[in-house]
DNA sequence: ATTACTTTGTTAAATATATAACAATGTTTG
DNA sequence: CAAACATTGTTATATATTTAACAAAGTAAT
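Protein chains in written order, with our numbering: chain G, 1 to 212; chain E, 1 to 212.
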């Protein structure tokens with residue numbers, strides 16, 4: 001199911017693109033082509049969320065987007081915060097502040113007094129003490145952690161105390177959190193190592209970057 | 001095997017840490033604890049690379065690191081380049097320029113003339129035309145793509161033409177490359193969407209962030 | 001209308017990955 | 001030196017994920 005969720009979010013973005021181009025219908029193999037997965041997996045994914053197309057016309061793009069929006073709880077725009085306004089943190093602020101339709105980055109936090117009270121791309125930066133107050137006020141449920149590894153666990157603890165339910169963690173440590181909190185780790189150095197490894201050992205006939 | 005590779009790279013980093021702390025041996029359940037995986041999986045992973053511990057002392061850290069270094073082709077330091085010196089690109093330059101023991105970020109490239117000939121954290125930035133020359137000179141085999149989505153495919157084509165064998169792609173598009181080239185996609189917006197989804201739908205008893 | 005065709009939804013098989021179990025092994029203890 | 005113990009290496013089982021296959025259904029052509 002987890003992989004399916006990832007792909008569904010991708011499909012939604014791609015379908016919005018297609019809709020923007022004026023297309024009204026799409027076949028499973030077309031969605032497969034632009035997403036990089038196989039047609040079989042596209043059909044199976046859509047089956048999972050209960051959306052049905054028609055044999056000759058495929059899927060109706062607008063209806064499918066609506067269906068995906070429902071699946072992803074659309075009308076609700078979730079608030080999120082970011083902790084750690086270093087190089088990566090500020091880059092992510094710039095990245096996530098743009099698209100406001102699915103989520104709303106309401107604040108950044110940093111322990112450096114020189115950064116506090118500044119705004120990055122319009123996003124205000126506060127000191128860490130303000131976290132409880134701002135989470136409470138905004139009902140933020142997700143936090144992004146971009147602090148150094150040694151501070152990540154204490155920041156995670158702070159977020160969990162304040163009812164954060166999901167964490168996107170860029171610090172290269174394994175966070176310990178209650179089972180009810182979902183953590184997604186993004187370890188950039190490890191990803192690069194993986195590419196370095198497979199740049200040497202990768203052989204033809206792998207499925208990665210499929211395209212069937 | 002892919003998942004195993006990811007974990008092995010993580011183990012190596014954690015073991016170096018432990019070694020730095022003066023520890024000489026480690027048990028599978030300890031490595032499991034700090035990595036966030038289960039002891040069974042740690043043992044299975046190490047079995048896969050043919051390193052053997054002893055029942056009562058566990059694994060000898062230094063020897064295991066050596067073994068992992070061999071597995072990851074250690075003495076060889078691979079060169080890499082980055083294309084797209086925007087917010088994210090510059091943050092990644094700062095991130096990757098630090099650790100020079102496994103890889104060596106030799107240059108960044110950007111189409112913006114205002115960025116060309118600048119240095120970011122000591123990393124020189126060139127125009128895209130210089131790519132062939134610099135790849136040839138450095139024997140770089142891996143490229144990081146942090147350009148906007150609309151330019152990503154053409155940059156990927158350029159890298160492939162110049163014998164790049166692995167790509168770490170941050171642009172939110174599915175790249176089309178020859179099968180011999182390995183692509184790892186990092187789609188930050190999708191990762192955030194995934195966290196948003198599971199922050200609501202995550203239930204106890206999932207395996208993610210295991211800790212067994 | 002009937003036939004041929006395309007694409008779907010769904011089931012079945014294949015592959016990949018993780019968990020659990022346990023005999024083998026070496027260590028320590030008495 | 002034998003018994004108890006902890007931890008390994010490995011195999012067997014379970015789960016997750018992908019691929020492949022194909023009947024059912026709708027469409028277009030004749």
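Built from N, CA and C at the ideal position, the CB exists for glycine as well. Being a predicted model, the structure only gives us computed values, none of them experimental.
message = With a threshold of 8 Å on Cβ separation, who are the neighbours of residue 93 of chain G within its own chain once the five nearest residues in sequence on each side are excluded?
response = 82, 85, 105, 108, 120, 121, 123
inquiry  = So residue 34 of chain E contacts chain G; which residues on that side make the cut at Cβ distance below 9 Å?
reply    = 173, 174
key: N- and C-terminal bounds of the alpha helix (DSSP H) containing residue 76 of chain G   = Element bounds for residue 76 of chain G: n/a, residue is neither H nor E.
query = Shorter than 9 Å from the beta carbon of residue 187 of chain G to some beta carbon of chain E?
reply = yes
ask   = What residue ranges within the stretch 105–145 of chain G form continuous alpha helix (DSSP H) runs of no fewer than 4 residues, ordered along the chain?
value = The alpha helix (DSSP H) runs of length 4 or more contained entirely in the stretch 105–145 of chain G are, from start to end of the chain, 131–138.
task = Would you mind listing the alpha helix (DSSP H) stretches within the stretch 7–47 of chain E that are 4+ residues and don't spill past its ends, in chain order?
result = 28–35
request  = Say whether chain E places a C-beta atom closer than 9 Å to the C-beta of residue 161 of chain G.
outcome  = The beta carbon of residue 161 of chain G does not come within 9 Å of any beta carbon belonging to chain E, so the residue lies off that interface.
ask   = Is residue 60 of chain E helix, strand or coil by DSSP?
value = strand
key: Proximity winner among E:3, E:70, E:25, E:199, relative to residue 139 of chain G (alpha-carbon distances)   = E:199
query = Along the chain, where does the beta strand (DSSP E) that runs through residue 167 of chain E open and close?
reply = 166–169 is the span of the beta strand (DSSP E), which, as asked, contains residue 167 of chain E.
key: Contact set for residue 59 of chain G: own chain, Cβ-Cβ below 8 Å, skip 5 residues either direction   = 25, 26, 27, 28, 31, 46, 51, 53
query = I think residue 269 of chain G touches residue 195 of chain E, with their Cβ atoms under 8 Å apart; what is that distance to the nearest whole Å?
reply = With chain G covering 1 to 212 only, the question about residue 269 of chain G has no answer from this structure.
ask   = If we count the other Cβ atoms within 10 Å of its Cβ and call it buried at 16 or more, is residue 137 of chain E buried or exposed?
value = Classification for residue 137 of chain E: exposed.
ask   = What does residue 73 of chain E touch in chain G if you count any residue whose Cβ is under 7 Å from its own?
value = 200
C-beta neighbour in chain E for residue 51 of chain G, strict 9 Å = no
ask   = Between the stretch 138–161 of chain E and chain G, which residues of the former have CB atoms less than 7 Å from a CB of the latter, in chain order?
value = 141, 142
task = Note down, in chain order, each residue of its chain lying with its Cβ closer than 8 Å to the Cβ of residue 213 of chain G, except the 5 sequence neighbours on either side.
result = The displayed coordinates of chain G run from 1 to 212. Any statement about residue 213 of chain G would go beyond what the structure contains.
message = List, in chain order, every chain G residue whose beta-carbon is nearer than 7 Å to that of residue 194 of chain E.
response = Simply 5, 6, 9, 184.
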